[in-house]
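Data first, discussion second: the structure below is written as structure tokens.
In mature numbering (1 follows the signal peptide of the UniProt record, and there is no 0), the protein residues as written are -31 to -1, 1 to 154.
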């Protein structure tokens, strides 16, 4: 009759078997779950100029789609209401299709607050466009996209209306990342 391992030895064997099962599960998990939390899937904003930068959706470490985007009116990242986004990583918050803020309407993704190198807190930051609350085009001002000058913003990342709508469709299909990485060009 084979001899049974002692209780401590049995527990060690069970722990080893559990660790092996968990490792196998992680390897076999769908890639979307394996990268949840933004490891290899995120949005990247690359700053060139306030009205001509790029927003890229990166999935599993590979760029999927890139859009022209803007941020701010001047490249001073610590200037509230005029400067572009400070470099760093942002948490993506809620994404809206019918946001109804004072200046921002329609499609909008909330970004977390970011502290600049000089200690200034940048708040009320979004990825958005110029549109009406329902996603259409208004008569003018902040509710109508009129051309390249509209890429500038009060510091948010700004896309053309057609581009932000396409980005939402892609992210709805593949899963929304949890982070935005902002870097200088």
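The C-beta atom is built at its ideal place from N, Cα and C for all residues, glycine as well.
Just so you know, these numbers come straight off a predicted model, no measurement behind them.
Is it a yes or a no for the region 16 to 31 touching the region 135 to 143, going by three-plus beta-carbon pairs under 8 Å? Counting Cβ pairs under 8 Å, three or more are found: they touch.
From residue 94 to residue 40, what does the alpha carbon distance come to, in whole angstroms? Roughly 10 Å between the two C-alpha positions.
Is the number of C-beta pairs between the region 85 to 104 and the region 113 to 128 that are closer than 8 Å three or more? Taking one beta carbon from each stretch, the region 85 to 104 and the region 113 to 128 have 3 or more pairs nearer than 8 Å; the two touch.
Do we get a CB-CB distance below 8 Å when we pair residue 124 with the residues of chain D? Reference to chain D is not applicable here, since this structure consists of a single protein chain.
Based on DSSP bridge pairs, tell me the residues matched to residue 33. Paired residue(s): none; residue 33 is not in a bridge.
Where residue 58 and residue 81 are concerned, what is the direct C-alpha to C-alpha distance, given to the nearest angstrom? Cα to Cα, the separation comes out at about 9 Å.
Determine the DSSP secondary structure at residue 136, reduced to helix, strand or coil. DSSP places residue 136 in helix when its eight states are reduced to three.
Any idea what DSSP makes of residue 87, helix, strand or coil? Looking at residue 87 - three-state DSSP - the assignment turns out to be coil, as it is neither helix nor strand.
Judging by CA-CA distance, which residue of 86, 66, 54 is the nearest neighbour of residue 13? In this structure, 54 is the residue among 86, 66, 54 with its C-alpha nearest to the C-alpha of residue 13.
Selected residue, minimal CA-CA separation from residue 135, among 50, 21, 76: Ranking the options by Cα distance to residue 135, first place goes to 76.
Going by beta-carbon coordinates alone, are residue 225 and residue 113 separated by less than 8 Å? Beyond the ends of the chain as shown, which are -31 and 154, falls residue 225; an answer cannot be given.
On the CB-based measure, 16 or more other CB atoms within 10 Å of its CB, does residue 91 come out buried or exposed? By the neighbour-count rule (16 or more Cβ atoms within 10 Å), residue 91 is buried.
With a Cβ-Cβ cutoff of 8 Å, do residue 149 and residue 36 count as a contact? Taking 8 Å as the cut-off, the beta carbon of residue 149 is found no closer than this to the beta carbon of residue 36.
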